[in-house]
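Engineer: First, the structure itself, so that you have it in front of you.
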Amino acid sequence: MRVLEVFVVFLRLGLTSFGGPVAHLGYFRTEVVTRRAWLSEAGYADVVALAQFLPGPASSQTGFAVGLLRAGWPGALAAWLGFTAPSALLMLAFAVGVGNLGDVGAAGSLAGLKVAAVAIVAQAVAGMWSSLVTDRVRVALALGVAALLVVLPGAVWQVLALLACGLIGWRFLPSAHATAGHLPTVPVSRMTGLLLIGLCGAGLLALPLLAPLSGGWALLEATYRAGALVFGGGHVVLPLLEAGFVPRFLTHGTFIAGYGAANAVPGPLFTFATYLGAAQHALSPVLGALLATVGVFLPGLLLMAGALPFWSALSAQPAARAALAGVNAGVVGLLLAALYSPVFTGAVRGPRDLAVALAAYAALTAGRLPAWIVVLGCALLGQLVL
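With my numbering as the guide, the letters of the sequence shown map in order to residues 1 to 386.
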């Protein structure tokens, strides 16, 4: 029953989560912390912090970890499948020409969905701030990280900022008062974790040797390498995918067309690889899409499952809890910076957009409406007035 519950929750998230990985983390928090209490606020922040340190798609890794903690390996698979399948199927359909999306970036409904993401992320930042930023040191860490990342965006600076927050938390936050993550029991042993991390590294070494054998191996290698080497997820994966696919498998124009569609569908942007796998001509569209989807997500999920038992054990140590308290404050700052750019700057183009964003925030907080209703309402309002 837990597995089915996880699948239904993440399927709904996969159908309604627009706005990129940071917005996804806001949607996840609403469902798994606020509405269902599967994790505590600090426990959820611990998972998000681990996802930020690892290469791969941060929001998909977070969802995978939540499913794993909630319902074991079947729950992890259910969470990933539910969240990924809607956008993957849409990208496959676009690649084979089912439907003519036209200029998806100009659609009013898409503008409304982007505005909804502003409200979702703002709610997540406010909720996490009240729980995790509780003294002057953590206020300084959160605002300092936000200020740094607004000026210097990028995955490298994110990782460095969180590492610095961990050191400052370890030095200046009393461990006796640091908030423990209280993660549920991780259903992965440390030995299994080491094997999973080793398997991820083995794939990175072995697939380049297999790539010359067939188009399928080459496709799998290109997507696996992109998923294993990208920090920050989302749009950061695009240059690696372009290097692997253009011009070997498809033209630059075909690549860009898929990128436009990927920004118009819910769920993880990594399903752009699904489109690329379906659009190439070395294999059938369905087989190519399947290989590309598995390839781009697999390394990040292996790393998350492999690292989680060590992360969970580390968070039980008093000194580590102090460090994690600093990291969690930094995560709030990271989300605050992302709320400004790219979420706010990419969605709010004028007074009407701002008015819809404020109304959506009021509906989420004062009105306590479910996030999916607010998202659909913003899409409809965007089609009418934006």
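C-beta: ideal position from N, C-alpha, C; glycine also.
For the alpha helix (DSSP H) holding A211, just list the boundary residues, first then last.
Structural biologist: Translated into the one-based positions of the sequence shown, residue 211 becomes position 211. Looking at the DSSP string, A211 is not in any alpha helix (DSSP H), and its letter there is neither H nor E.
Engineer: Can you look up S315 in the DSSP assignment and give me helix, strand or coil?
Structural biologist: For the purposes of this step, residue 315 is taken as residue 315 along the sequence shown, with counting starting at 1. Reduced to three states, the DSSP call for S315 is coil.
Engineer: Is it the case that the Cβ atoms of F10 and G63 are separated by a distance below 7 Å?
Structural biologist: By one-based count along the sequence shown, residue 10 stands at place 10. By one-based count along the sequence shown, residue 63 stands at place 63. In contact: F10 and G63 (Cβ atoms closer than 7 Å).
Engineer: Does the structure place the region 302-322 close enough to the region 189-206 that three or more beta carbon pairs sit under 8 Å?
Structural biologist: yes
Engineer: Cα separation between V35 and A363?
Structural biologist: Reading the sequence shown from its first residue, position 35 is the one you call residue 35. Reading the sequence shown from its first residue, position 363 is the one you call residue 363. The amino acid occupying residue 35 in the given sequence is Arg; Val does not appear at that position. About 16 Å.
Engineer: Taking the straight line between their C-alpha atoms, what separation do you get for V356 and S109?
Structural biologist: Start at 1 with the first residue of the sequence shown, and residue 356 comes out as number 356. Start at 1 with the first residue of the sequence shown, and residue 109 comes out as number 109. Taking the straight line from one Cα to the other gives about 12 Å.
Engineer: When we look at the beta-carbon of W80 and count the other beta-carbons within 10 Å, is it buried (16 or more) or exposed?
Structural biologist: Along the sequence shown, read from residue 1 onward, the residue named residue 80 stands at position 80. W80 should be labelled buried.
Engineer: Spatial neighbours of F7 within its chain, please: CB distance less than 6 Å, with the 5 preceding and 5 following residues excluded, ordered by chain position.
Structural biologist: What you label residue 7 is simply residue 7 of the sequence shown in a count that begins at 1. Closer than 6 Å at the Cβ level, and outside the excluded window around F7, lie A78 and G82.
Engineer: Please state the DSSP three-state secondary structure of N328.
Structural biologist: Counting from 1 along the sequence shown, the entry for residue 328 is found at position 328. N328: helix per DSSP, three-state reduction.
Engineer: If we ignore side chains and look at the alpha-carbon of each, how far apart do Y27 and A338 end up?
Structural biologist: Taking the first residue of the sequence shown as 1, we reach residue 27 at position 27. Taking the first residue of the sequence shown as 1, we reach residue 338 at position 338. If I take the Cα positions, the gap works out to 15 Å.
Engineer: Go through its chain and collect everything with a Cβ distance to V32's Cβ below 7 Å, but skip five positions before and after it.
Structural biologist: For the purposes of this step, residue 32 is taken as residue 32 along the sequence shown, with counting starting at 1. Counting only Cβ-Cβ distances below 7 Å, and skipping sequence neighbours, we find W38, L39, Y44 and V66.
Engineer: Can you list, in chain order, the residues of its chain whose CB lies under 6 Å from that of V327, leaving out five sequence neighbours each side?
Structural biologist: Indexing the sequence shown from 1 puts residue 327 at position 327. Here the set comprises A49, L162, C165 and G166.
Engineer: Could you give the distance in angstroms between the alpha-carbon of L143 and the alpha-carbon of G112?
Structural biologist: In the sequence shown, residue 143 corresponds to position 143, counting from 1. In the sequence shown, residue 112 corresponds to position 112, counting from 1. Cα to Cα, the separation comes out at about 29 Å.
Engineer: Can you tell me where the alpha helix (DSSP H) holding G382 begins and where it ends?
Structural biologist: Mapped onto the sequence shown, residue 382 falls at position 382. Run containing G382: A371 to V385, per the alpha helix (DSSP H) assignment.
Engineer: Going by C-alpha distance, which of L336, L269 and T192 is nearest A58?
Structural biologist: To locate residue 58, count along the sequence shown from 1; it is residue 58. For A58, the nearest C-alpha among the options comes from L269.
Engineer: How would you label P55, buried or exposed, when you count the other beta carbons within 10 angstroms and need 16 or more for buried?
Structural biologist: The sequence position of residue 55 within the sequence shown is 55, counting from 1. The residue in question, P55, is buried, as its Cβ has 16 or more Cβ neighbours within 10 Å.
Engineer: Indicate the three-state DSSP secondary structure (helix, strand or coil) for G367 in the structure shown.
Structural biologist: Your numbering for residue 367 matches position 367 in the sequence shown. Correct three-state label for G367: coil.
Engineer: What is the DSSP secondary structure of H281, reduced to helix, strand or coil?
Structural biologist: Here residue 281 is taken as the residue at index 281 of the sequence shown, counted from 1. Residue state, collapsed to three classes: coil.
Engineer: If you run the structure through DSSP and keep just helix, strand and coil, what is R321?
Structural biologist: As a position in the sequence shown, residue 321 is number 321, starting the count at 1. Here R321 sits in helix by DSSP.
Engineer: May I ask you to report which of helix, strand or coil DSSP gives T16?
Structural biologist: Position 16 of the sequence shown, counted from the first residue, corresponds to residue 16. Three-state DSSP puts T16 in a helix.
Engineer: If you draw a straight line from the C-alpha of L204 to the C-alpha of R136, how long is it?
Structural biologist: Sequence index remark: in the sequence shown, residue 204 carries index 204 (1-based). Sequence index remark: in the sequence shown, residue 136 carries index 136 (1-based). One C-alpha to the other measures close to 43 Å.
Engineer: Under a Cβ-count criterion, where at least 16 other Cβ atoms within 10 Å of its own Cβ denotes burial, should S284 be classed as buried or exposed?
Structural biologist: Counting from one through the sequence shown, the residue named residue 284 turns up at place 284. Counting C-beta atoms within 10 angstroms of its own C-beta, S284 has fewer than 16 neighbours from the protein chains shown and is therefore classed as exposed.
Engineer: Which runs of the alpha helix (DSSP H) fall wholly inside the region 10-98 and span at least 4 residues, in chain order?
Structural biologist: Those alpha helix (DSSP H) runs which fall completely within the region 10-98 and span 4+ residues are 21-29, 41-53 and 58-95.
Engineer: I'd like to check one pair, G14 with P86: are the Cβ atoms closer than 7 Å?
Structural biologist: Along the sequence shown, one-based indexing puts residue 86 at 86. Along the sequence shown, one-based indexing puts residue 14 at 14. Their beta carbons are under 7 Å apart, which means P86 touches G14 by this criterion.
Engineer: According to DSSP, is E5 part of a helix, a strand, or is it coil?
Structural biologist: Position 5 of the sequence shown, counted from the start, is the residue given in the question as residue 5. Here E5 sits in helix by DSSP.
Engineer: Along the alpha helix (DSSP H) that carries A140, what are the first and last residues, could you check?
Structural biologist: Residue 140 sits at position 140 when you count from the first residue of the sequence shown. Start and end: R136 to V151.
Engineer: Measuring CA to CA, which of L152, I373 and A282 is closest to L219?
Structural biologist: Looking up residue 219 in the sequence shown gives position 219. If we check each option's Cα against that of L219, A282 comes out closest.
Engineer: From A340 to V150, what does the alpha carbon distance come to, in whole angstroms?
Structural biologist: As a working mapping, residue 340 is identified with position 340 in the sequence shown. As a working mapping, residue 150 is identified with position 150 in the sequence shown. It is worth fixing the name first, because residue 340 is Tyr in this sequence and not Ala. Put simply, the backbone Cα of Y340 is about 8 Å away from that of V150.
Engineer: Alpha carbon to alpha carbon, how far is V348 from N100? Give it in angstroms, no decimals.
Structural biologist: Here residue 100 refers to the residue found at position 100 when the sequence shown is read from its first residue. Here residue 348 refers to the residue found at position 348 when the sequence shown is read from its first residue. Reliability of the predicted coordinates at N100 is poor, the pLDDT of 45 falling under 50, and the value obtained from them is presented with this limitation in mind. When rounded, the distance between both Cα atoms is 27 Å.
Engineer: Considering Cα atoms alone, identify which of G258, V230, W311 and L376 is closest to L90.
Structural biologist: Sequence index remark: in the sequence shown, residue 90 carries index 90 (1-based). Cα-wise, what sits closest to L90 is G258.
Engineer: Looking at the unbroken alpha helix (DSSP H) that takes in P239, where does it start and where does it end?
Structural biologist: If you number the sequence shown from 1, residue 239 lands on position 239. From DSSP, the alpha helix (DSSP H) with P239 extends over L238 to F245.
Engineer: Just how far apart, CA to CA, sit L381 and W372?
Structural biologist: Translated into positions along the sequence shown, residue 381 becomes position 381. Translated into positions along the sequence shown, residue 372 becomes position 372. Those two C-alpha atoms are separated by around 14 Å.
Engineer: Could you tell me which of P212, G377, A228 and T134 sits nearest to H248, measuring between CA atoms?
Structural biologist: Looking up residue 248 in the sequence shown gives position 248. The question names His, yet the displayed sequence has Arg at residue 248. Among P212, G377, A228 and T134, the Cα nearest to that of R248 is on P212.
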